[in-house]
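Number of protein chains: 2
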Amino acid sequence: MAAKKPTDSRGAARSALSERTDAQTRKGIVELGARVVRQSLAETDPFVDVPLRSLSNTSFNARKRLLEMGDSTQRRNLFNTAQARKFMQTVLLSKGCKDLIEAGKTLSLRGMYYMSLHTIPGTREKTFEGQEESDGILEDIEVALEALRENLHLFAKKRGTMVGPITVRDNGDEIDCRRMGTGGYAIPSICEPGVVEFGKCDAKFVLHVEKDTVWSRFNEDRFWEKHNCILTEGSGQPPRGVRRLLWRLHHELKLPIYCLLDCDPWGHYIFSVIKQGSINLAFESSRLAIPDAKFLGIRAEDYERCELTDDVKIELNDRDIERAKQIAGYPWFVDKKPWQKEIQRMLRNGFKMEVESLITKDISYVTEEYVPARLKARDWLE
Amino acid sequence: MAAKKPTDSRGAARSALSERTDAQTRKGIVELGARVVRQSLAETDPFVDVPLRSLSNTSFNARKRLLEMGDSTQRRNLFNTAQARKFMQTVLLSKGCKDLIEAGKTLSLRGMYYMSLHTIPGTREKTFEGQEESDGILEDIEVALEALRENLHLFAKKRGTMVGPITVRDNGDEIDCRRMGTGGYAIPSICEPGVVEFGKCDAKFVLHVEKDTVWSRFNEDRFWEKHNCILTEGSGQPPRGVRRLLWRLHHELKLPIYCLLDCDPWGHYIFSVIKQGSINLAFESSRLAIPDAKFLGIRAEDYERCELTDDVKIELNDRDIERAKQIAGYPWFVDKKPWQKEIQRMLRNGFKMEVESLITKDISYVTEEYVPARLKARDWLE
Chain G
4 MAAKKPTDSR GAARSALSER TDAQTRKGIV ELGARVVRQS LAETDPFVDV PLRSLSNTSF
64 NARKRLLEMG DSTQRRNLFN TAQARKFMQT VLLSKGCKDL IEAGKTLSLR GMYYMSLHTI
124 PGTREKTFEG QEESDGILED IEVALEALRE NLHLFAKKRG TMVGPITVRD NGDEIDCRRM
184 GTGGYAIPSI CEPGVVEFGK CDAKFVLHVE KDTVWSRFNE DRFWEKHNCI LTEGSGQPPR
244 GVRRLLWRLH HELKLPIYCL LDCDPWGHYI FSVIKQGSIN LAFESSRLAI PDAKFLGIRA
304 EDYERCELTD DVKIELNDRD IERAKQIAGY PWFVDKKPWQ KEIQRMLRNG FKMEVESLIT
364 KDISYVTEEY VPARLKARDW LE
Chain H
4 MAAKKPTDSR GAARSALSER TDAQTRKGIV ELGARVVRQS LAETDPFVDV PLRSLSNTSF
64 NARKRLLEMG DSTQRRNLFN TAQARKFMQT VLLSKGCKDL IEAGKTLSLR GMYYMSLHTI
124 PGTREKTFEG QEESDGILED IEVALEALRE NLHLFAKKRG TMVGPITVRD NGDEIDCRRM
184 GTGGYAIPSI CEPGVVEFGK CDAKFVLHVE KDTVWSRFNE DRFWEKHNCI LTEGSGQPPR
244 GVRRLLWRLH HELKLPIYCL LDCDPWGHYI FSVIKQGSIN LAFESSRLAI PDAKFLGIRA
304 EDYERCELTD DVKIELNDRD IERAKQIAGY PWFVDKKPWQ KEIQRMLRNG FKMEVESLIT
364 KDISYVTEEY VPARLKARDW LE
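Those sequence lines, one after another, are chains G and H. The opening position of the first sequence corresponds to residue 4 in the numbering used here, with each subsequent residue numbered one higher. The opening position of the second sequence corresponds to residue 4 in the numbering used here, with each subsequent residue numbered one higher.
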């Protein structure tokens with residue numbers, strides 16, 4: 004357990020990401036340090052092994068339908084001028100995370116950067132040149148310890164909101180997401196069990212929309228009340244907190260996840276990450292990816308199906324076309340005829356469309372007709 | 004009152020920004036249209052007058068301590084090739100806002116752009132080339148009608164969160180900001196009376212911090228509970244919703260507003276906008292600006308006062324130096340010796356500092372020592 008755990012009961016609740024996980028993570032860090040000490044005392048060159056986070060060490064597991072990280076690792080030695088800096092940074096930040104866990108506190112990535120920032124005595128060398136350097140090492144530590152960033156007590160910028168027929172216990176507070184007004188419940192950066200727990204839930208599914216402005220349209224039209232669903236948004240590419248929350252709603256509460264995203268390569272990529280995971284966080288796919296997530300739209304055929312006007316067309320640029328082809332080639336899309344057809348049709352159209360384009364029909368067309376019709380017809384891409 | 008007002012009681016609550024305001028705003032739009040019709044029937048060149056939103060038409064009212072818009076207007080005629088497009092856009096978007104008010108619905112700025120987007124029959128001319136065009140015209144309409152964007156039923160991207168000893172009624176839902184867990188209450192884009200109402204409040208002041216990651220530190224340390232305050236953040240330059248909420252907390256509940264921002268020109272500018280208003284929204288200063296807001300820090304002297312190390316220094320670049328001098332020259336800073344000293348000292352330091360830099364002292368130094376000490380010593384800039 005945490006050594007200097009605060010006596011404040013709420014602070015404690017906060018730290019208890021789960022006491023077991025905290026103890027495990029701390030143990031992992033202590034072992035990493037002990038290995039380095041043993042190597043040093045044995046007068047060998049100390050090192051840490053860090054799994055490789057690269058496309059070459061990432062593969063698609065067709066059975067689990069997830070992106071997974073392979074077994075390749077990279078050794079970082081202290082007595083190697085090319086590796087010494089990263090070796091020392093890894094040890095330094097590991098200690099920082101240990102301190103955080105023991106204090107029962109959490110910190111932003113920027114905060115951790117500052118906490119570990121100093122000038123090496125007797126030199127003008129700083130421990131980090133910038134936050135990017137420490138962010139990268141922190142991801143290495145996650146992978147090396149097989150611990151989520153959340154287990155290291157670190158968080159990123161918070162984005163995303165939720166409403167719907169569910170009660171959430173967040174750090175001991177009961178939050179009734181049925182009564183969150185126009186603003187909604189701000190989804191925390193850390194959505195792990197122990198911090199966020201689910202209470203009474205009457206929802207039948209989750210509708211996840213790309214943008215908060217679209218979310219506001221659905222919330223104002225009380226879509227979640229009429230259709231008995233949870234309504235979430237991730238302000239673009241959803242951050243880990245939102246993905247983890249969706250994952251838990253899906254796996255723990257068995258709720259299907261429907262996504263309403265733009266008809267463009269960015270929308271398709273957001274869906275791909277929600278569904279199969281991302282290359283950079285492949286080691287976390289099993290705790291973040293939702294292979295059964297469905298893509299409701301916007302579909303390339305909607306231009307004709309919904310009788311939209313030319314005004315909604317946003318021309319695909321060269322970069323879009325290149326991205327679309329890349330996405331069509333992803334192993335988890337390449338064998339899926341409906342997705343191949345979808346991307347081909349978008350390319351043939353020559354334009355992208357945003358969810359907001361449905362407003363040209365009617366303010367509430369998207370909430371009153373489009374989504375209900377797709378759900379009723381079970382018309383989505385998987 | 005709204006014509007097609009929805010029967011759903013909550014939808015209605017949402018629309019009732021205040022029925023009186025809705026009726027007034029609608030009347031203003033109808034009058035604008037009626038004038039154009041009268042001019043047309045009289046076979047004169049129809050026009051709309053739009054107050055000028057520019058630095059030249061903005062002045063600092065030293066008595067009210069607010070930025071104010073002057074009386075200069077710009078006439079937009081239909082029969083003038085340089086003005087016809089903007090004239091027609093103004094009329095078109097005014098109609099869009101009237102439709103929204105009558106439907107009792109709200110829409111994002113992007114949504115309104117789409118709603119008003121079409122190709123003029125018989126031409127290949129679109130009503131707007133992009134959203135920037137419609138956003139600008141919507142600001143013109145606000146000024147011309149002396150109505151807030153919120154009164155036009157329009158909202159922007161939502162940012163910012165709040166916790167603290169206050170109960171808020173948001174669209175009829177009671178939200179107890181004392182029990183919002185780690186996530187907090189997401190501050191809506193529209194924080195007008197009628198949508199957001201204040202219930203029981205035990206707070207003695209508001210602490211507004213620049214970033215959500217810093218906010219999380221304060222929330223985790225239960226600062227708001229220990230110090231009986233409301234804790235808000237605006238994710239950088241606070242959006243209108245957050246500014247309006249702060250304004251209302253200050254004016255309606257008489258709470259002092261203390262700001263904790265970075266020691267850099269951007270932090271100073273954020274404070275300037277919170278306190279005196281912005282040039283672009285000068286016409287709304289009286290409903291957004293808080294002349295009594297206080298700047299707690301970070302102060303340029305904190306490098307020495309808090310015994311920080313060189314690691315926290317972020318060198319000022321040319322652009323920073325230029326901005327700092329501009330800000331020092333603002334009429335509302337130019338006569339304030341403490342602000343002149345502050346900016347001079349930062350320039351002499353040659354570096355900026357972020358709030359997070361205090362983490363180099365201790366994770367909770369900012370919540371346990373820095374802010375309490377400043378408050379106790381009444382040590383702030385005004």
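All residues carry an ideal CB built from backbone N, CA and C; glycine is no exception.
The Cβ atoms of Q279/G and L70/G lie closer than 8 Å to each other. In this chain, the beta strand (DSSP E) harbouring N80/G covers 76-80. By alpha-carbon distance to E195/H, the top candidate from R78/H, E255/H, W227/H is E255/H. Under the three-pair Cβ rule at 8 Å, the segment 180-188 of chain H counts as touching the segment 185-192 of chain G.
When the Cα atoms are used, G163/H and S219/G turn out to be separated by approximately 15 Å. Taking C-beta separations shorter than 8 Å and ignoring five residues to either side along the sequence, the partners of I324/G in its chain run L350, following chain order. In chain order, W218, F221, L234, T235, E236, C262, L263, L264, V358 place their CB closer than 8 Å to the CB of V212/G, counting only its own chain and leaving out the 5 sequence neighbours on each side. Here DSSP, grouped into helix, strand and coil, assigns M349/H to helix. In the structure shown, the three-state DSSP call for T47/G is coil. In this structure, the CA atom of E145/G is about 19 Å from the CA atom of V276/G. Distance from F298/H to L384/H at the Cβ level is roughly 4 Å; contact confirmed, criterion being Cβ atoms closer than 8 Å. Contact of I233/G with chain H by beta-carbon distance below 8 Å is absent, the smallest such distance being about 14 Å. Uninterrupted beta strand (DSSP E) stretches at least 3 residues long and entirely within the segment 185-250 of chain G occur at 199-204, 208-212, 232-236, given in chain order.
Taking C-beta separations shorter than 7 Å and ignoring five residues to either side along the sequence, the partners of G202/G in its chain run T170, V171, R172, E177, following chain order. Contact between D224/H and P168/H is ruled out by a C-beta separation of about 16 Å, above the 8 Å threshold. Cβ neighbours of C266/G within its own chain (closer than 8 Å, five residues either side excluded): G300, I301, R302, A303, D305, M349, K355, M356, E357. Here the C-alpha atom of R247/G lies approximately 43 Å from the C-alpha atom of A380/H. For L69/G, the enclosing beta strand (DSSP E) begins and ends at 69-72. DSSP places L291/G inside the alpha helix (DSSP H), whose first and last residues are 288-291. Measuring C-alpha to C-alpha distances from N174/G to each of V199/G, E153/G, A150/G, K161/G identifies V199/G as the nearest. According to the DSSP secondary-structure assignment, I282/H is paired through a beta bridge with no residue. The three-state secondary structure of P341/H, taken from DSSP, is helix. In the structure shown, Y306/H adopts helical secondary structure according to DSSP, grouped into three states. Here L258/H is actually not in contact with F226/H; their C-beta atoms are around 15 Å apart, not less than 8 Å. Counting only Cβ-Cβ distances below 7 Å, V198/G has contacts in chain H at T185, in chain order. Pairing L112/H with K316/H, the inter-Cα distance amounts to about 39 Å.
Contact annotation: L81/G and D48/G have beta-carbon atoms nearer than 8 Å. According to DSSP, residue pairing for K297/H in a beta bridge involves Y261/H.
With fewer than 16 neighbouring CB atoms inside 10 Å of its own CB, V337/H falls in the exposed class. The residue from W335/G, L311/G, Y333/G with its alpha-carbon nearest to that of V369/G is L311/G.
With distances taken between CA atoms, P54/G lies nearest to N283/G out of N352/G, N283/G, F63/G. About 7 Å separates the Cβ atoms of S367/H and K108/G, confirming a contact at the 8 Å cut-off. Counting only residues of its own chain and dropping the five nearest sequence neighbours on each side, E153/H has a CB closer than 6 Å to the CB of I193, E195. Annotation for T61/H: L70, E71, M72, G73, I282, A285 place their beta carbon closer than 8 Å to its own, counting only its chain and skipping 5 residues before and after. Within the segment 98-113 of chain G, those residues whose Cβ lies closer than 9 Å to any Cβ of chain H are, in chain order, D102, L103, A106, K108, T109, L110, S111, L112, R113.
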